[in-house]
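Protein chains in written order, with my numbering: chain G, 40 to 199; chain C, 307 to 637; chain S, 103 to 606. All residues carry an ideal CB built from backbone N, CA and C; glycine is no exception. This one's a predicted model, so the numbers in the text were calculated from it and none came from an experiment.
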């Protein structure tokens, strides 16, 4: 299998996605006003940039299709199998933090997240897990809140 | 060993927890504040409103014996910060330091789709009431305001006046100048920060600049800028030599910008009372007066009721200005 | 020599024990603010202003200034070690600083950054002393059209920076510009690309985007492999080798010059000098392909430039009362709150403060060097932490940073989204620096463009009729042409042995 083909295809897909995005940007920006009686309007710059982005993404697709894509790289572009599952595992944890931060608050969320991360990355030493997750959650909160006067979220479900 | 919790027990303990929380809430109204107070500021750190808020916050902290934290939520000429306030609980722990007429414009301009209006706020106290000022380059073509108006008549629509944003207090100043003096100017309104306007005036890129006295008083005294008019009926305590627009024969050419403290509508009355008393005490404190004066900020201390009326007056003026702006012949 | 006497008087003020003490405190705090995510120098300085209320104005101002230039160094540390820039001005340092760290040369990178910062800061301070006033007046010639032209030069340099990947680089730049446009129009207040999401009214902040693109995506990429080799820092590598010294010293000299002159113009962010310096280093290097793979000049040049910039940016502030960046606006606020007005009168009325402050910059730079060199080895050791702990820590760092900059959970979501995007872009091998630079420079470009057109009443010729902007725009065209034709140029140059014009 030609290894470069994967990358070529990925570039083409990405180029097409950006082309669609730029069409959307220009259409949306035109609604904001391009040039009006008060001078250049809110959409002025956006339209110009959107057009440039459209040209570039079109040029990318054309270039990869007819002239040739990036230099060859071994293997497929995105990971498969176990590698992919490791990435997804971490990503799941990260997304969980985004949604749990407000209801559970910074301390509890980070405490749970750090345990999750360390365990799923293969750490089995209970003491290390306990120290890191406690320090990273309650410790960080203390430093930011009391020393830096920077409040981190307090969970509305738990009240702390 | 497994421990089973019956559903009823869980519900009951949850309910008692809620009750406990409510009780805690009830106590807090009486001995407010029992935890840190946050003051939202709709400006980036370092702006004049932000500095005023920080001076105020440091004194409020002493008064309350609780930390008072200033949180900057810049963007959309204070819309972001005001929006944040009306989303937070009305418990007196989240306050907003804000400028009028900037907030009037946010509410009244339909394009902004504001989710609040004046009635969504409780007025605690006003701190600063700064007059409008028009500045030019020293040793430039304009010796006084008359020169500028003459030139604006001669080169209609070509004299460039720099300011920050459309329908701001400074823009009102330009609109009123046009109406009262019967001239047309070209406003350059994309500047961000009074420093940017000052630099453009000093460098000769624009002919004049409009902002509030506090932004320029020190530079005028240093001789980097020349003030040709104060847009008010009263002279500025910082620049007593600069004539007012009333003296120049345009009594209706007036603009100003204020800074003061708001809470969200629905904050318990005892808390509001406590805040107002504390705020007025702090603002009249010699230390506060001294700090604000050294920064060149003109105090205009008002209690809640007076402050609300002040803001409502601005609402009328802002509507009038919007009509004036809409009726302006297009360039 | 009157200036000499004034300066010596200033040095006496700066060397008073209490002043040295507060400069020291400022340097320590500044370094930490630089390292800590989310708390930028502007916010950090603002938080500390109330603390200065009880102090005498001279040490108070010295401390706040030390925080400002100290944070410039602190931001470097995270760039080099974990590829997450602590401040906008250390984005460029990631390009070669992190690869150096991956090769076990973290100590060298940190060391050269400290030394470069010291040299740049000190020499720029001498410049501040000698030429402050006349140059500051000259810099006022840069109005909105010139700033726009300068930003355009910056953008074309981004392209030059990426070399072969021209189209993806431009595409990424446009993407960054669109991101920069999200939020309320600065003048009309009309929300753009916000789709009634109130959190988007204020646009995308730089910090969550960077934490995602650089930090989270780095973790996702590295996590694919079950084990990562622990990087051993050789003790010998703490000190740059002879060749490294040679390469770095030129970069430091050029970085100082660039940073110094750019600091004079009010309204240029500290980001521009760093990547201009990077591009210059790449252009003058004998073998530019080393760049991006751990070239020491790529760290030394930009790091020097940003410190030289931060010192000379004090010139417009001190002499004209014009703050050139948000942090300097806070510092100006600190001046005012302490009853001191920056401007020409400062030098006349309070020479002890004005010259004392300038002298304290030397003192501060020495303190920073003494403070940071011994710590270099310690910082570099951080990389020996097994990856499970390091990555958990990096993620925690990114979360706190993304959240605390505006205290917004929405920003945390933004960071995660850009983490995924960054992961994809890395897989595609597309450059991500243009996104960041466009995000920072975009608002500046738009404002300058629209202000210029308001000044001219909609006439585009304003950019050509003013000499400085015409020259700048012309040179950016040359850069673009050079980037597009560089392969041809190189082939042509190698075919014909270059004749040296200097020999004639």
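Item to check | For residue 124/S, the first and last residue of its enclosing alpha helix (DSSP H) | outcome: Counting along the chain, the alpha helix (DSSP H) containing residue 124/S begins and ends at 119-137.
Checklist entry - Under three-state DSSP, which class holds residue 344/C? => result strand
Checklist entry - Between the beta-carbon of residue 564/C and the beta-carbon of residue 432/C, is there less than 7 Å? => result yes
Checklist entry - Residues of chain S with a CB under 8 Å from the CB of residue 98/G: which are they? => result 269
Next on the checklist: Give me, in chain order, the residues of the same chain whose beta-carbon lies closer than 7 Å to that of residue 97/G; leave out the 5 immediate sequence neighbours on both sides.
Outcome noted: The answer, listed in chain order, is 58.
Item to check | Residue-level contact to chain G via CB, residue 515/S, 7 Å cutoff | outcome: It does; some Cβ of chain G falls within 7 Å.
Item to check | Cβ neighbour criterion (16 or more within 10 Å) applied to residue 61/G | outcome: buried
Next on the checklist: Does the structure place the segment 618-631 of chain C close enough to the segment 461-479 of chain C that three or more beta carbon pairs sit under 8 Å?
Outcome noted: yes
Next on the checklist: Can you list, in chain order, the residues of its chain with a C-beta nearer than 7 Å to that of residue 346/S? Leave out the 5 residues immediately preceding and following it.
Outcome noted: 210, 398
Next on the checklist: Beta carbons nearer than 7 Å to chain G: which residues of the segment 365-383 of chain C have them?
Outcome noted: With the criterion set as a beta carbon lying under 7 Å from some beta carbon of chain G, the members of the segment 365-383 of chain C are 373, 375, in sequence order.
Checklist entry - So is residue 70/G buried or exposed if we call it buried at 16+ other beta carbons inside 10 Å? => result exposed
Next on the checklist: Between residue 401/C and residue 568/C, how many whole angstroms is the CB-CB distance? I'm expecting something under 8 Å.
Outcome noted: 7 Å
Next on the checklist: Bridge partners for residue 517/C per DSSP, in chain order?
Outcome noted: 439/C
Next on the checklist: Counting only beta-carbon separations shorter than 7 Å, does residue 505/S have a partner in chain C?
Outcome noted: no
Checklist entry - Does the Cβ of residue 502/C have 16 or more other Cβ atoms within 10 Å, making it buried, or fewer, making it exposed? => result buried
Checklist entry - Do you know offhand how far residue 618/C's Cα is from residue 424/C's? => result 8 Å
Checklist entry - If you draw a straight line from the alpha carbon of residue 157/G to that of residue 524/C, how long is it in whole angstroms? => result 57 Å
Checklist entry - Per DSSP, residue 492/C forms a beta bridge with which residues? => result 466/C
Checklist entry - Which residues mark the beginning and the end of the alpha helix (DSSP H) in which residue 185/S is found? => result Looking at the DSSP string, residue 185/S is not in any alpha helix (DSSP H), and its letter there is neither H nor E.
Next on the checklist: To test your reading of the DSSP string, which unbroken alpha helix (DSSP H) runs of 4 or more residues are found completely within the segment 160-243 of chain S?
Outcome noted: 193-204, 208-241
Checklist entry - residue 578/C and residue 609/C: beta carbons closer than 7 Å? => result no
Checklist entry - Alpha carbon to alpha carbon, how far is residue 482/S from residue 183/S? => result For residue 482/S and residue 183/S, the distance between alpha carbons rounds to 7 Å.
Checklist entry - I think residue 125/S touches residue 426/S, with their Cβ atoms under 8 Å apart; what is that distance to the nearest whole Å? => result At roughly 22 Å, the Cβ-Cβ gap does not stay under 8 Å, so residue 125/S and residue 426/S are not in contact.
Checklist entry - Using the rule of at least 16 other Cβ atoms within 10 Å of the residue's Cβ for burial, across every protein chain shown, is residue 405/C buried or exposed? => result Buried, because 16 or more other Cβ atoms sit within 10 Å of the Cβ of residue 405/C.
Item to check | For residue 597/C, the first and last residue of its enclosing beta strand (DSSP E) | outcome: Counting along the chain, residue 597/C falls outside any beta strand (DSSP E), though it belongs to the alpha helix (DSSP H) covering 592-600.
Checklist entry - Can you find a C-beta in chain S that's less than 7 Å from the C-beta of residue 142/G? => result So, not an interface residue.
Checklist entry - Mind pulling the alpha helix (DSSP H) runs of 4 or more residues that sit fully within the segment 96-177 of chain G? => result 120-159, 165-173
Next on the checklist: With DSSP as the reference, identify every bridge partner of residue 537/C, one or two as the case may be.
Outcome noted: 438/C
Checklist entry - Taking just the CA atoms, how far does residue 547/C sit from residue 307/S? => result 44 Å
Item to check | Interface partners of residue 190/G on chain C, CB under 9 Å | outcome: 342, 344, 375, 377
Checklist entry - With contact counted as at least three CB pairs below 8 Å, one residue from each stretch, are the segment 483-493 of chain C and the segment 460-474 of chain C in contact? => result yes
Checklist entry - Looking at the structure shown, is residue 193/G part of a helix, part of a strand, or coil, going by DSSP? => result strand
Next on the checklist: In the DSSP output, which residue or residues are listed as bridge partners for residue 633/C?
Outcome noted: Note: residue 633/C sits in no beta bridge, so no partner.
Checklist entry - For residue 468/C, which of 450/C, 484/C, 442/C has the nearest alpha-carbon? => result 442/C
Next on the checklist: Across the segment 376-386 of chain S and the segment 305-325 of chain S, are there enough close Cβ pairs to call them in contact, namely three or more that are closer than 8 Å?
Outcome noted: no
Item to check | Beta carbon proximity, residue 348/S to chain G, threshold 7 Å | outcome: no
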